[in-house]
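Report on the following structure.
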Amino acid sequence: MNYIFIALKAEADPLIRYFSLKEEKNLPNLRLFSGGNLRLIISAVGKERVLRSVDSVFSLYSPGLTDSFYNIGICGAPSDYSLNEIYLITSVQDNESGKVLELNVKTGSDLKTAELLTVNKPLTASNDRNITSLVDMEGVHIATALAERGFLDRLTLLKIVSDHLNPGAIKRDSVNRSISQKLDIIDKLLVK
Numbered sequence: 343m344n345y346i347f348i349a350l351k352a353e354a355d356p357l358i359r360y361f362s363l364k365e366e367k368n369l370p371n372l373r374l375f376s377g378g379n380l381r382l383i384i385s386a387v388g389k390e391r392v393l394r395s396v397d398s399v400f401s402l403y404s405p406g407l408t409d410s411f412y413n414i415g416i417c418g419a420p421s422d423y424s425l426n427e428i429y430l431i432t433s434v435q436d437n438e439s440g441k442v443l444e445l446n447v448k449t450g451s452d453l454k455t456a457e458l459l460t461v462n463k464p465l466t467a468s469n470d471r472n473i474t475s476l477v478d479m480e481g482v483h484i485a486t487a488l489a490e491r492g493f494l495d496r497l498t499l500l501k502i503v504s505d506h507l508n509p510g511a512i513k514r515d516s517v518n519r520s521i522s523q524k525l526d527i528i529d530k531l532l533v534k
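Start counting the sequence shown at 343; every next residue gets the next number (this note's numbering).
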């Protein structure tokens, strides 16, 4: 089974349509869509919501060591990164604690790679000029929760640059479009 964690409904919609996923009703504290070998979880933004989503998945489904996990979504980045470019994440760092987790990057991919910094509140170019990596608000929390369960080596993080540390520029339509344009790449990376 492939478990895909996504923070925003706008990020999830293109995947829901592309893979013809159906919402599973009556799940407490969890928005989950499934079909075939996919379960897509909309976790929302923030550490507590992400951890609650991961906990719910493990208590409801008891994933095994052959299952794969993904965090797919948008991110901010310094201006030297191209907008709408997709990156395979090699490591993720918690901005608050400084903790870094190295990820098991799949070989054979020709995707660009990058490091990811997870923050608790949106950064802007004006409030942090020292950022050199991609920036999101959930990646390290998913990685940490999976590491605690022995599944870190089964996690792939894919991030699409949505803005140059200008969170006010992010609109639902542009998020949908960014994800939609990368569906073929995402599909190829999923374990079949």
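For every residue, glycine included, the Cβ atom is placed at its ideal position computed from N, Cα and C.
What does residue i pair with, by DSSP beta-bridge criteria?
i       : result
Ser-545 : Lying before the first or after the last residue shown, residue 545 is absent from the chain, which here runs from 343 to 534.
Thr-498 : Tyr-412
Glu-444 : Ser-433
Val-503 : Cys-417
Ile-428 : Ile-502
Given this structure, state the Cα-to-Cα distance separating residue i from residue j, to the nearest angstrom.
i       : j       : result
Ser-376 : Arg-359 : 11 Å
Lys-367 : Ala-352 : 19 Å
Glu-490 : Thr-498 : 16 Å
Lys-364 : Thr-474 : 38 Å
Lys-441 : Pro-370 : 31 Å
Leu-430 : Ser-424 : 14 Å
Asn-437 : Thr-455 : 19 Å
Ile-346 : Pro-464 : 23 Å
Asn-472 : Leu-453 : 25 Å
Gln-435 : Arg-394 : 20 Å
Which class does residue i belong to by DSSP, given the choice of helix, strand or coil?
i       : result
Leu-476 : strand
Phe-347 : strand
Ala-456 : strand
Gly-388 : coil
Ile-512 : coil
Leu-369 : coil
Tyr-423 : coil
Going by DSSP, what residue range makes up the alpha helix (DSSP H) through residue i?
i       : result
Val-482 : 481-490
Asp-529 : 525-531
Excluding sequence positions up to five away, which residues of its chain have a Cβ less than 7 Å from the Cβ of residue i?
i       : result
Asn-426 : Ile-502, Val-503, Ser-520, Gln-523
Gly-406 : none
His-483 : Lys-389, Val-392, Leu-393, Thr-460
Spatial neighbours of residue i within its chain, please: C-beta separation below 6 Å, excluding the five flanking residues on both sides.
i       : result
Ser-410 : Asn-344, Arg-496, Val-533
Leu-380 : Asn-344, Phe-361
Asn-446 : Asp-495
Ser-421 : His-506
Closer than 8 Å by C-beta to residue i: which residues in its own chain qualify, once you throw out the five before and the five after it? Chain order, please.
i       : result
Val-387 : Ala-349, Leu-350, Met-479, Glu-480
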